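Counting along the sequence shown from 1, when you hit position 60 you're at 59 in numbering that gives the first Met the number 0, and nothing is skipped either side.
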Amino acid sequence: MKHDTWIGKLFLIGAVGSVVALFILLFCVLFMNADKLGYFFLPTLLGMFIAMIYFYALILRRHGLMNLRLQMGDELFFHKFPKEKSREMRRLEREKKRELRRKEKASEKKYLHEL
0 MKHDTWIGKL FLIGAVGSVV ALFILLFCVL FMNADKLGYF FLPTLLGMFI
50 AMIYFYALIL RRHGLMNLRL QMGDELFFHK FPKEKSREMR RLEREKKREL
100 RRKEKASEKK YLHEL
């Protein structure tokens, strides 16, 4: 599994940017309804910031694991992180099923076209 570093950085910037944009939008909605929330405004604001930090940490962890896998190699990485191995196996199975369905549809179209 070889990833270009600039593509990985681009996806990281996009993921972080989308999370920040979502939370800015939520902050604006929350701030506009501050008078309706009353005493719940500050706890809601705090919860929103905690959720933003959590999602940001998830994105960075995923990106860090991807970089670690590139450095360690697949065998050692999957030995150290067995959940990632099962996730990768499920992903490969889904890709195989998609490819089989794509081939079946192509053969059906070819058969119908010949009639």
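All C-beta atoms, glycine included, are put in the ideal place defined by N, C-alpha and C. Because the structure is a prediction, the values reported are computed rather than measured.
Taking the Cα positions, leucine 59 is about 14 Å away from serine 17. Note on arginine 68: 16 or more other CB atoms within 10 angstroms of its CB, so buried under the neighbour-count rule. The three-state reading of DSSP puts glycine 63 in helix, counting H, G and I together. For the options Tyr55, Lys104, Met51, the alpha carbon positioned closest to that of phenylalanine 22 is the one of Met51.
Closest by C-alpha distance to phenylalanine 10, out of Ala33, Leu36, Gly63, is Gly63.
For alanine 14, same chain residues with a beta-carbon under 7 Å away, outside a window of 5 residues either side, are Ile58 in chain order.
In this model, leucine 99 and phenylalanine 48 are separated by some 44 Å (Cα to Cα).
Take the alpha-carbon of phenylalanine 39 and the one of phenylalanine 26: they are about 14 Å apart.
If you draw a straight line from the Cα of arginine 101 to the Cα of arginine 90, it is about 16 Å long.
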